[in-house]
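Counting in my numbering, the sequence shown runs from 15 upward without gaps. Yeah, the Cβ is synthetic: ideal placement off N, Cα and C, and Gly gets one too. Every value quoted in this text rests on a predicted model; they were computed, and no experiment measured them.
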Amino acid sequence: MKKALIISPYFAPSNAADMQRIRMSLPFYKDFEWEVQVVCVAEKYTDAVFDYLLNESIPNDIKIHRIRALSKKWTYKFGLGSIALRSLWFYKQYVNRLLKREKFDLIFFSTTQFPVCILGPYWKKKFGIPYLIDMQDPWFTNYYEDKPKHKRPKKYWFSYRLDKYLEPIAMKDVNGLMAVSDAYLDDLVIRYPHIEKIPKATITFGGFRKDLEIAKTNHDKLALAFDNDKAFKHIVYVGRGGFDMEKAVSLLFKSFKECLSTDRKLFDKLRFHFIGTSYAPLGSGQKTIFSVAERLSVGAYVTEQTDRISFYDSLYNLQSADALFIPGHEKPAYTASKMYPYIMTEKPILAVFNLESSAAQSLIDCKAGYVADILDFKKSSKTINFFLKGVAESNLPPNRTDWTEFEKYRARATTQKQCELFDSCLKKTDDGA
């Protein structure tokens, strides 16, 4: 049995999106001859939304190390709120002690808190352990450089320069790369040609059946974030908003506005709910979806709650909806990691994606929903109008999800792909690369 040490600053009971890959994989690593331990930041030092039901999904035999971090209460005054920066010193000290007393074959960074990845080359040099980085998002990116200031993330000036400096350090000696999109890997190879020869794999997040079972068992403890008035048909999205989602949301609302003009009585039944759209502290998030609805004069039909909700509350809200909506990105690199839980609810799904994205192809291949082309309003409006009319009339054709095709997107199958990549990294290292 080989051993991997997983670095994931956020971890259960934190509801952070970037720890979900690991959490859903933990029950399956041993099936593929890998034993893992996780090093995360203790919850008292994090600023995440907590969902203690997440702990029910963690196997009892998995060792979780919880380390300290600087208090955000103090570091925030100096503009250092990032959990990666606040925990970096403590990671270095704690893992140094751990690696001196236990043997690990691989260190796996699975997080979007990328600055911690600079410890990979340090530990590789000090202990001779190869490391692999999971690119769930781009690390250094020029995406916001041509955007107006109000559309840039907070502290963009600082993070842009920090990322530009730190990414090359982590990539210099990396032994393997995992990503949720081919495009993320392609961009890295362009910047760092030497990594073209290291093991790489595009692996999506998986669908985890146990999560739906936990939500169903604990439904009495869960809460709706929208008014589920049965006089209306409720279309729900739970997840991040932002200005980069504006195009997809605009297409939805423009089509809906057209529908209202043709049959107001019918389409007056529809209500759209966007939940947990901001990562900002509770009560301080900026509404980026509702402003689009207001601009298109359909604000009366739309609610947006920026505060994030717990993971299982999210599933409960999806399960309680009449239909689901997933906004995508104009760029084909976009992947919707939340898509697989959506599919498993077996609700009607409308997604507005770039049709060349892996997210669009997954949904199409599984026959699990309607996909509208974000780059072609004329074509997409036909798909959206058909979907909205079907929801309003309660006569959409029943889901015909291809569950055989979906098997490759389940958590066990995606964990197997991870372990195959782990093995490739070790083999490449043993071969002297």
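Within 10 angstroms of the Cβ of D32, are there 16 or more other Cβ atoms? Answer buried if so, exposed if not.
To locate residue 32, count along the sequence shown from 1; it is residue 18. Buried, because 16 or more other Cβ atoms sit within 10 Å of the Cβ of D32.
Helix, strand or coil for T291 per DSSP?
Taking the first residue of the sequence shown as 1, we reach residue 291 at position 277. Residue state, collapsed to three classes: coil.
In the DSSP assignment, what are the bridge partners of G190?
Your numbering for residue 190 matches position 176 in the sequence shown. DSSP, once it has assigned bridges, lists L146 as partnering G190.
Assign M15 to one of two classes, buried (16 or more other C-beta atoms within 10 Å of its C-beta) or exposed (fewer than that).
Counted from its first residue, the sequence shown places residue 15 at position 1. By the 10 Å Cβ count, M15 comes out exposed.
What separation, rounded to the nearest whole angstrom, lies between the Cα atoms of I388 and E272?
By 1-based counting over the sequence shown, the position of residue 388 is 374. By 1-based counting over the sequence shown, the position of residue 272 is 258. Using only the alpha carbons, I get a separation of about 17 Å.
Per DSSP, A77 forms a beta bridge with which residues?
Taking the sequence shown and counting its residues from 1, one reaches residue 77 at position 63. According to the sequence provided, residue 77 is Lys. The question's Ala does not apply to it. In DSSP, K77 forms a bridge with Q51.
Along the chain, where does the beta strand (DSSP E) containing D387 start, and where does it finish?
Position 373 of the sequence shown, counted from the start, is the residue given in the question as residue 387. That run of the beta strand (DSSP E) goes 384-387.
When the Cα atoms are used, what is the spatial distance from D243 to T317?
Looking up residue 243 in the sequence shown gives position 229. Looking up residue 317 in the sequence shown gives position 303. Roughly 13 Å between the two C-alpha positions.
Are the Cβ atoms of T320 and G256 separated by less than 8 Å?
Taking the first residue of the sequence shown as position 1, residue 320 is located at position 306. Taking the first residue of the sequence shown as position 1, residue 256 is located at position 242. In this structure, G256 does not lie closer than 8 Å to T320 by Cβ.
Just the Cα atoms here: how many angstroms apart are I121 and P362?
For the purposes of this step, residue 121 is taken as residue 107 along the sequence shown, with counting starting at 1. For the purposes of this step, residue 362 is taken as residue 348 along the sequence shown, with counting starting at 1. Whole-angstrom Cα-Cα distance: 40 Å.
What number of angstroms, rounded off, separates the C-alpha of S85 from the C-alpha of D379?
Here residue 85 refers to the residue found at position 71 of the sequence shown. Here residue 379 refers to the residue found at position 365 of the sequence shown. One C-alpha to the other measures close to 46 Å.
Quick check: the Cα distance between S22 and L329, rounded to an integer number of angstroms?
Residue mapping note: residue 22 aligns to position 8 of the sequence shown, counting from 1. Residue mapping note: residue 329 aligns to position 315 of the sequence shown, counting from 1. Cα-Cα distance, rounded: 23 Å.
Suppose only complete runs of 3+ residues qualify. What are the beta strand (DSSP E) ranges in the stretch 358-422, listed by chain order?
Listed in chain order, the beta strand (DSSP E) runs fully inside the stretch 358-422 are 363-367, 384-387, counting runs of at least 3 residues.
Under 8 Å, do I228 and E57 count as touching if we go by C-beta distance?
Your numbering for residue 228 matches position 214 in the sequence shown. Your numbering for residue 57 matches position 43 in the sequence shown. Not closer than 8 Å, so no.
Between Y293, H287, V312, F246, which has its C-alpha nearest L332's C-alpha?
Reading the sequence shown from its first residue, position 318 is the one you call residue 332. When only C-alpha atoms are compared, the closest one is H287.
Straight-line CA distance for V109 to D75?
Your numbering for residue 109 matches position 95 in the sequence shown. Your numbering for residue 75 matches position 61 in the sequence shown. Whole-angstrom Cα-Cα distance: 20 Å.
When we look at the beta-carbon of K214 and count the other beta-carbons within 10 Å, is it buried (16 or more) or exposed?
Against the sequence shown, residue 214 aligns to sequence position 200. It is buried - the Cβ of K214 has at least 16 other Cβ atoms within 10 Å.
Given F304, which residues of its chain have a CB within under 7 Å of its CB, disregarding the five upstream and five downstream residues?
Taking the sequence shown and counting its residues from 1, the one referred to as residue 304 is at position 290. Excluding sequence neighbours, F304 sits near G313, V316, E318.
Just to confirm, are R35 and S124 a CB contact at a threshold of 8 Å?
As a first step, residue 35 is located in the sequence shown; it is residue number 21 there, counting from the start. As a first step, residue 124 is located in the sequence shown; it is residue number 110 there, counting from the start. Against a cut-off of 8 Å, the Cβ pair of S124 and R35 comes out as a contact.
For the 8 Å Cβ check, are there 3 or more pairs between the stretch 191-204 and the stretch 397-407?
no
Let's test the definition: count the other Cβ atoms within 10 Å of the Cβ of Q432 and tell me whether it reaches 16, buried, or not, exposed.
Position 418 of the sequence shown, counted from the first residue, corresponds to residue 432. Answer is buried; the Cβ neighbour count reaches 16.
Return yes when the Cβ of V250 is within less than 8 Å of the Cβ of T349, no when it is not.
Stepping through the sequence shown from its first residue, residue 349 is reached at position 335. Stepping through the sequence shown from its first residue, residue 250 is reached at position 236. Contact: no.
Across the stretch 57-68 and the stretch 214-224, are there enough close Cβ pairs to call them in contact, namely three or more that are closer than 8 Å?
no
Evaluate W137 with the Cβ neighbour count: other Cβ atoms within 10 Å of its Cβ, from every protein chain shown; 16 or more gives buried, anything less gives exposed.
Your numbering for residue 137 matches position 123 in the sequence shown. Flag for W137 reads buried.
What is the DSSP secondary structure of F246, reduced to helix, strand or coil?
Here residue 246 refers to the residue found at position 232 when the sequence shown is read from its first residue. Coil at F246, not helix or strand.
Rounded to whole angstroms, what's the CA-CA distance from A307 to R285? Just pull it up for me.
Looking up residue 307 in the sequence shown gives position 293. Looking up residue 285 in the sequence shown gives position 271. Separation of A307 and R285 (C-alpha to C-alpha, rounded to the nearest whole angstrom) is 12 Å.
Taking the alpha-carbon of F104 as reference, which of H79, S275, K230 has the nearest alpha-carbon?
In the sequence shown, residue 104 corresponds to position 90, counting from 1. Measuring from the Cα of F104, the nearest candidate turns out to be H79.
In terms of alpha-carbon separation, which member of E370, M358, D444 lies closest to E419?
Along the sequence shown, one-based indexing puts residue 419 at 405. Among E370, M358, D444, the Cα nearest to that of E419 belongs to M358.
Taking 8 Å as the cut-off, decide whether the C-beta atoms of I212 and P135 are in contact.
Translated into the one-based positions of the sequence shown, residue 212 becomes position 198. Translated into the one-based positions of the sequence shown, residue 135 becomes position 121. No; because the gap between Cβ atoms is not below 8 Å, this pair is not in contact.
If I follow the unbroken alpha helix (DSSP H) through E308, where does it start and stop?
Sequence index remark: in the sequence shown, residue 308 carries index 294 (1-based). Looking at the DSSP string, the run of the alpha helix (DSSP H) that includes E308 is 304-309.
Report the three-state DSSP secondary structure of I121 (helix, strand or coil).
As a first step, residue 121 is located in the sequence shown; it is residue number 107 there, counting from the start. Strand, per DSSP.
DSSP three-state call for L440: helix, strand or coil?
For this step, residue 440 is matched to residue 426 along the sequence shown. It is helical.
For H343, does the count of other Cβ atoms within 10 angstroms reach 16, so buried, or fall short, so exposed?
Within the sequence shown, residue 343 is the residue found at index 329, counting from 1. The residue in question, H343, is buried, as its Cβ has 16 or more Cβ neighbours within 10 Å.
Can you look up W171 in the DSSP assignment and give me helix, strand or coil?
Position 157 of the sequence shown, counted from the start, is the residue given in the question as residue 171. Caution is warranted here: a pLDDT of 44 is assigned to W171, below 50, making its placement in the model unreliable, and the coordinate value is therefore given only provisionally. Look at W171 here: in three-state DSSP terms it is helix.
By DSSP, does V252 sit in helix, in strand, or in coil?
Indexing the sequence shown from 1 puts residue 252 at position 238. Three-state DSSP puts V252 in a strand.
Can you check whether the CB of F246 is closer than 8 Å to the CB of K279?
Position 265 of the sequence shown holds residue 279. Position 232 of the sequence shown holds residue 246. Cβ distance not < 8 Å, so K279 and F246 don't count as in contact.
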